[in-house]
Amino acid sequence: MAPDPDPSLFDKVVNLSKRRGFVFQSAEIYGGFRSTYDYGPVGVLLLRNVKAAWWRSMVQLRHDVVGLDAAILSPPAVWEASGHLATFTDPLVDCKECKERFREDKLDDPNTCPNCGRHDTFTEARAFNLMFKTHAGPVEGAGHEVYLRPETAQGMFLNFKNVLETSRKKPPFGIAQIGKSFRNEITPGNFVFRTREFEQMEMEFFVPPDDAAEWYEYWCAARRQWYLDHGIADDLIRLRRHDTDELSHYSSETSDVEFLFPWGWDELEGIANRGDFDLSAHAEHSGQKLEYFDQASNERYVPHVIEPAAGATRTAMAFLMAAYDEETVNDETRTVLRLHPRIAPYKVAVLPLSKKDDLVGVSDEVLALLQPEFMCDFDVTQSIGKRYRRQDELGTPFCVTIDFDTLDDRAVTIRDRDSMEQERVPIDDLVAHLAPKLS
Ligand code: GAP
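Residues in the sequence shown are numbered consecutively from 5, following this note's numbering.
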């Protein structure tokens with residue numbers, strides 16, 4: 005059974021994110037740019053690790069998926085064909101009394117304004133397109149309009165033919181991409197959960213039409229497993245199949261991977277059976293043939309697409325929430341992020357016991373040995389106890405302490421983040437000792 009969500013976890017994680025340099029409010033010195041965030045020195049490492057873990061599993065460890073990095077700007081024709089110009093909208097209502105705007109489908113009570121509490125003050129709902137529009141070149145106006153992509157997916161469909169012709173792949177095969185997407189969300193919120201600028205990790209898997217149902221089930225199971233493999237507990241992750249009235253304009257079947265956030269279950273990733281919607285739509289609008297000729301059966305067909313589409317920024321936040329733990333040690337509260345080593349920002353912290361000159365040489369030597377292998381932090385300030393606590397809050401799996409005995413025995417103390425146990429290891433064995441625990 006799933007545990008009850010803990011509402012206090014939200015503030016704890018937001019505070020820790022700011023205090024330790026994971027996430028900052030964007031343009032903070034100008035009062036902050038609402039719902040836009042910057043990833044600080046450890047946040048950028050966390051986010052890169054989330055993306056690297058996804059890429060490793062989706063591209064590196066597979067022979068049937070290749071990568072892509074497509075443009076963010078694209079002409080209206082792309083979004084005309086994809087259906088986004090016509091249907092990528094949210095229903096928007098304004099309160100006539102307090103002038104606040106809301107997404108009608110997210111209101112608890114469609115007749116009561118959550119801001120001023122008045123009843124029956126909403127305007128008629130109107131469809132608000134979520135795409136950001138700008139213009140290319142010095143002239144504004146019709147004919148120069150371009151859009152910032154609201155999803156990375158279309159880049160994969162536009163390059164289907166290019167990839168097919170250059171990569172020697174044939175269905176079933178996938179194209180994967182990680183990158184920024186932009187949506188003019190009406191109600192961004194819950195920290196980095198819903199923002200107007202965010203990162204996605206998407207893969208379009210092209211399959212023979214008859215195999216689509218089987219591959220859909222395969223990717224639902226594989227994607228759920230990925231979160232478990234990276235340390236999120238089984239009872240915090242679930243798969244939820246969409247009801248028919250929830251389905252997007254392109255999808256015949258969708259399941260969400262959901263995480264138990266402090267406010268309840270919510271989406272991390274959607275896995276959709278998109279059929280031949282995208283390739284057929286782009287073929288029709290572009291006049292290009294987007295199909296596969298199967299020489300074995302002498303048949304030409306438009307592949308169907310199974311799409312696992314995840315949010316990198318949202319997933320990074322889920323990893324922080326799943327890893328956050330507090331325990332009492334010697335009558336004090338120890339806060340620790342029990343992150344999977346692949347996700348943890350730093351793998352090792354090198355901590356000389358003293359700033360004294362005697363330890364500088366050997367500390368530099370240890371750091372130089374570890375840095376090419378693992379992302380390391382190096383910290384000489386404050387007491388060793390406080391430095392351990394800081395590394396616990398960053399989720400660093402191992403601290404390596406250099407003390408005055410090191411000068412005699414050429415050994416260091418390794419402290420384990422989770423058990424807090426310590427062991428003495430010769431400097432020459434350090435990399436071999438740590439490597440298997442950090443892969
Ligand atoms: N190509 C399909 C697609 O984009 P989506 O469900 O709209 O599907 C996929 O987006 C994932 O992208 C979501 O599950 C979520 O993790 C992330 N995402 C979507 N909108 C977001 C936003 N405004 N802020 C942060 N992440 C978002």
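Idealized CB from N, CA, C, for every residue including glycine. Here the structure is a predicted model, which is why all the values come from computation and not from measurement.
Residue i: CB within 8 Å of a non-hydrogen atom of the ligand GAP
| i | result |
| --- | --- |
| Leu243 | no |
| Leu162 | no |
| Asp260 | yes |
| Thr317 | yes |
| Leu196 | Reading the sequence as shown, one finds Val at residue 196 and not Leu. Yes, since a heavy atom of the ligand GAP falls inside the 8 Å radius drawn around the Cβ of Val196. |
| Ala313 | yes |
| Phe202 | yes |
| Glu189 | yes |
| Ser78 | no |
| Leu357 | no |
| Glu155 | yes |
| Ser30 | no |
| Leu272 | yes |
| Ala56 | no |
| Val199 | Going by the sequence as given, residue 199 is Thr instead of Val. For the ligand GAP, at least one heavy atom lies less than 8 Å from the Cβ of Thr199. |
| Pro175 | no |
| Glu206 | yes |
| Pro95 | no |
| Glu307 | Per the sequence shown, the amino acid found at residue 307 is Pro instead of Glu. Outside the cutoff, so no. |
| Ala285 | no |
| Ala276 | yes |
| Ser256 | no |
| Ser185 | yes |
| Ser21 | no |
Host alpha helix (DSSP H) of residue i (start-end)
| i | result |
| --- | --- |
| Leu272 | Element bounds for Leu272: not the alpha helix (DSSP H) but the beta strand (DSSP E), 268-279. |
| Arg304 | Looking at the DSSP string, Arg304 is not in any alpha helix (DSSP H); the run it does join, the beta strand (DSSP E), is 303-305. |
| Gln395 | 388-398 |
| Gly159 | 157-162 |
| Thr138 | First-last for Thr138: 137-139, but that is the beta strand (DSSP E), not the alpha helix (DSSP H). |
| Ala372 | 361-374 |
| Ala436 | 434-438 |
| Leu411 | 410-413 |
With 16 other Cβ atoms within 10 Å as the buried cut-off, status of residue i
| i | result |
| --- | --- |
| Gln158 | buried |
| Gly274 | buried |
| Pro312 | buried |
| Gln375 | exposed |
| Leu51 | buried |
| His286 | buried |
| Met62 | buried |
| Ile406 | buried |
| Met5 | exposed |
| Phe297 | exposed |
| Thr400 | buried |
| His253 | exposed |
| Leu65 | exposed |
| Asn53 | buried |
| Phe351 | Reading off the sequence, residue 351 comes out as Lys, not Phe. So Lys351 counts as buried. |
Segment limits, beta strand (DSSP E) that includes residue i
| i | result |
| --- | --- |
| Gly315 | 308-315 |
| Leu152 | 149-152 |
| Ala353 | 352-356 |
| Leu264 | 257-265 |
| Val82 | Element bounds for Val82: not the beta strand (DSSP E) but the alpha helix (DSSP H), 80-86. |
| Asp94 | 93-98 |
| Pro430 | 426-430 |
| Leu111 | No beta strand (DSSP E) contains Leu111, which DSSP labels as neither H nor E. |
| Arg130 | 130-133 |
| Phe3 | Shown here, the chain extends from 5 to 443; a query on residue 3 therefore has no answer. |
| Tyr461 | Nothing can be reported for residue 461: it is not among the residues displayed for the chain, which extend from 5 to 443. |
| Leu341 | 336-341 |
| Gly71 | 69-71 |
| Cys117 | No beta strand (DSSP E) holds Cys117; DSSP gives it neither H nor E. |
Beta-carbon contacts of residue i that lie in its chain and below 8 Å, excluding the five residues immediately before and after
| i | result |
| --- | --- |
| Ser30 | Gly36, Phe37, Thr40, Tyr41, Asp42 |
| Leu3 | Nothing can be reported for residue 3: it is not among the residues displayed for the chain, which extend from 5 to 443. |
Residues near residue i by beta carbon distance below 7 Å, same chain, minus five either side
| i | result |
| --- | --- |
| Asp422 | Arg342 |
| Lys137 | Glu149, Tyr151 |
| Ala205 | Here residue 205 turns out to be Met, not Ala, going by the sequence shown. Lys55, Trp58, Ile182, Ala314, Ala316, listed in sequence order. |
| Ser171 | Val70 |
6 Å CB neighbourhood of residue i in its chain, flanking five on each side removed
| i | result |
| --- | --- |
| Thr339 | Glu330, Glu397 |
| Thr125 | Cys99, Lys100, Glu101, Cys117 |
| Leu77 | Val150 |
Discussion item. Runs of 4 residues minimum, wholly inside the region 172-250: which ones carry the alpha helix (DSSP H) assignment?
Written reply: The qualifying runs are 216-233.
Worksheet entry | Residue ranges of each alpha helix (DSSP H) within the region 8-47, 4 or longer | Within the region 8-47, the complete alpha helix (DSSP H) runs of at least 4 residues are 12-24.
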